[in-house]
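I have placed the structure first, in the form of structure tokens, so that the comments after it can refer back to it.
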Amino acid sequence: MIIKQNISDQVFNEFKKNIESGVWKQGENIPSEGDLTEMYNVSRISVRNAIQRLVSLGWLETQQGKRTYVKEKTLKDIINTDLPTILLDDNEMIKVVEFRKIIEVESAAIAAKNATSENIANLEQRLANMGKLDINSKEFSILDLEFHIEIARATKNDLIVEVMTLLKKTLINNVSKLNKMAEDKDTMYFHEKIFEAIKNKDPEEAKKAMTMHMDYNFEQVKNKNK
Numbered sequence: 003m004i005i006k007q008n009i010s011d012q013v014f015n016e017f018k019k020n021i022e023s024g025v026w027k028q029g030e031n032i033p034s035e036g037d038l039t040e041m042y043n044v045s046r047i048s049v050r051n052a053i054q055r056l057v058s059l060g061w062l063e064t065q066q067g068k069r070t071y072v073k074e075k076t077l078k079d080i081i082n083t084d085l086p087t088i089l090l091d092d093n094e095m096i097k098v099v100e101f102r103k104i105i106e107v108e109s110a111a112i113a114a115k116n117a118t119s120e121n122i123a124n125l126e127q128r129l130a131n132m133g134k135l136d137i138n139s140k141e142f143s144i145l146d147l148e149f150h151i152e153i154a155r156a157t158k159n160d161l162i163v164e165v166m167t168l169l170k171k172t173l174i175n176n177v178s179k180l181n182k183m184a185e186d187k188d189t190m191y192f193h194e195k196i197f198e199a200i201k202n203k204d205p206e207e208a209k210k211a212m213t214m215h216m217d218y219n220f221e222q223v224k225n226k227n228k
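Our numbering numbers the first residue of the sequence shown as 3 and each following residue consecutively.
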């Protein structure tokens, strides 16, 4: 029985927990709205709202004339639908930065070894376009993320590219929030340092520049949450 305030959110969290724990198994029907209303002692509208939210997030699927069932999810589904909602709370931003540091510091070093002239040209173009935009604009954040994904491409490691691409929705929100915390000159400075190191085929300098960039992001988030 649910007795706290914000009943709709409570019902949503209970249903989500049922899916995550395997109480409601993938591919199987969930109980009917009427049964759920009785089980949780809540209104039918609260049950319906929770189900609709889970459908929109890709956890459940409803077909006309049939019962609602738990959608079978691939890794790509999980990353693209769940991580953005799980990781983008202000208190969880630090986890995204930590993940990016793990992936992107070594990626920068590998990119410095393997980048082609085309990769260098693409990075340079993105950097030039970023310099023309307001750091708080959506366009800047998109170019910022494209800059980092181009570094992934420059590694010539398909797995790194796939991970960065799969996480694109999470990362664009992360980049956008970080840019709102940062100073224009700082953001451009780090990207310029990273670019120069990759262009000069200097893995150690690329690693150092990316580490500085990620550590700066870490401090921005930490200071915001004080």
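The beta carbon of each residue, even a glycine, is placed where N, CA and C say it ideally should be.
Just to confirm, are Ala114 and Pro33 a CB contact at a threshold of 7 Å?
Start at 1 with the first residue of the sequence shown, and residue 114 comes out as number 112. Start at 1 with the first residue of the sequence shown, and residue 33 comes out as number 31. Cβ distance not < 7 Å, so Ala114 and Pro33 don't count as in contact.
Give me the Cβ distance between Asn219 and Leu168, rounded to the nearest whole Å; I'm assuming they're in contact under 8 Å.
Numbered from its first residue, the sequence shown carries residue 219 at position 217. Numbered from its first residue, the sequence shown carries residue 168 at position 166. Taking C-beta atoms under 8 Å as the contact rule, Asn219 and Leu168 fail to qualify, at a distance of about 20 Å.
So Asn116 and Ala154 are supposed to be a Cβ contact under 8 Å. How far apart are they, rounded?
Your numbering for residue 116 matches position 114 in the sequence shown. Your numbering for residue 154 matches position 152 in the sequence shown. With 8 Å as the limit, Asn116 and Ala154 do not qualify as a contact, their Cβ atoms being about 11 Å apart.
Using a threshold of 7 Å, state whether the C-beta atoms of Ile47 and Thr70 are closer than that.
Here residue 47 refers to the residue found at position 45 when the sequence shown is read from its first residue. Here residue 70 refers to the residue found at position 68 when the sequence shown is read from its first residue. Contact: no.
Leu145 vs Asn124 beta-carbon contact at 7 Å
Numbered from 1 along the sequence shown, position 143 holds the residue referred to as residue 145. Numbered from 1 along the sequence shown, position 122 holds the residue referred to as residue 124. Using a Cβ distance threshold of 7 Å, Leu145 and Asn124 do not count as a contacting pair.
How is Leu62 classed by DSSP in three states: helix, strand or coil?
Locating residue 62 in the sequence shown gives position 60, counting from the first residue. It is a strand residue.
Check whether the Cβ atoms of Ile21 and Val44 lie closer than 7 Å to each other.
Mapped onto the sequence shown, residue 21 falls at position 19. Mapped onto the sequence shown, residue 44 falls at position 42. Taking 7 Å as the Cβ cut-off, Ile21 and Val44 do not qualify as a contacting pair.
Does the Cβ-Cβ distance between Thr213 and Val107 come in under 7 Å?
Stepping through the sequence shown from its first residue, residue 213 is reached at position 211. Stepping through the sequence shown from its first residue, residue 107 is reached at position 105. In contact: Thr213 and Val107 (Cβ atoms closer than 7 Å).
Using three-state DSSP, classify Ile53 as helix, strand or coil.
Along the sequence shown, read from residue 1 onward, the residue named residue 53 stands at position 51. Ile53: helix per DSSP, three-state reduction.
To the nearest angstrom, how far is the alpha carbon of Gln170 from that of Lys195?
The residue labelled residue 170 in the question sits at position 168 within the sequence shown. The residue labelled residue 195 in the question sits at position 193 within the sequence shown. Checking the sequence, you will find Lys at residue 170 rather than Gln. Computed Cα separation, rounded: 23 Å.
Just verifying my parser: in three-state terms, what is the DSSP assignment at Val44?
Your numbering for residue 44 matches position 42 in the sequence shown. In the structure shown, Val44 sits in coil (DSSP, three-state: anything other than H, G, I, E or B).
Considering only their Cβ atoms, is the gap separating Leu62 from Val49 smaller than 7 Å?
In the sequence shown, residue 49 corresponds to position 47, counting from 1. In the sequence shown, residue 62 corresponds to position 60, counting from 1. It is not a contact, given that the beta carbons lie outside the stated cut-off.
Nearest-angstrom Cβ-Cβ length linking Leu56 and Phe17, presumed shorter than 8 Å:
Residue mapping note: residue 56 aligns to position 54 of the sequence shown, counting from 1. Residue mapping note: residue 17 aligns to position 15 of the sequence shown, counting from 1. The pair is a contact, with the Cβ atoms about 6 Å apart (cut-off 8 Å).
Between Ile96 and Lys224, which are expected to be in contact by the criterion C-beta below 8 Å, what is the C-beta distance as a whole number of angstroms?
On the sequence shown, position 94 is the one that residue 96 refers to. On the sequence shown, position 222 is the one that residue 224 refers to. Rounded to the nearest angstrom, the Cβ distance from Ile96 to Lys224 is 7 Å, consistent with a contact under 8 Å.
Range covered by the alpha helix (DSSP H) that runs through Val13
Position 11 of the sequence shown, counting from 1, holds the residue named residue 13. In the DSSP assignment, Val13 falls within the alpha helix (DSSP H) that extends over Ile9 to Ser23.
Top-ranked residue by Cα proximity to Thr189, from Met216, Lys140, Glu40 and Lys203
Residue numbering aside, residue 189 sits at position 187 when the sequence shown is read from its first letter. Minimum Cα distance to Thr189 is reached at Met216.
Can the beta-carbon of Phe142 be found less than 7 Å from the beta-carbon of Arg128?
Within the sequence shown, the letter at position 140 stands for residue 142. Within the sequence shown, the letter at position 126 stands for residue 128. Their beta carbons are not under 7 Å apart, which means Phe142 does not touch Arg128 by this criterion.
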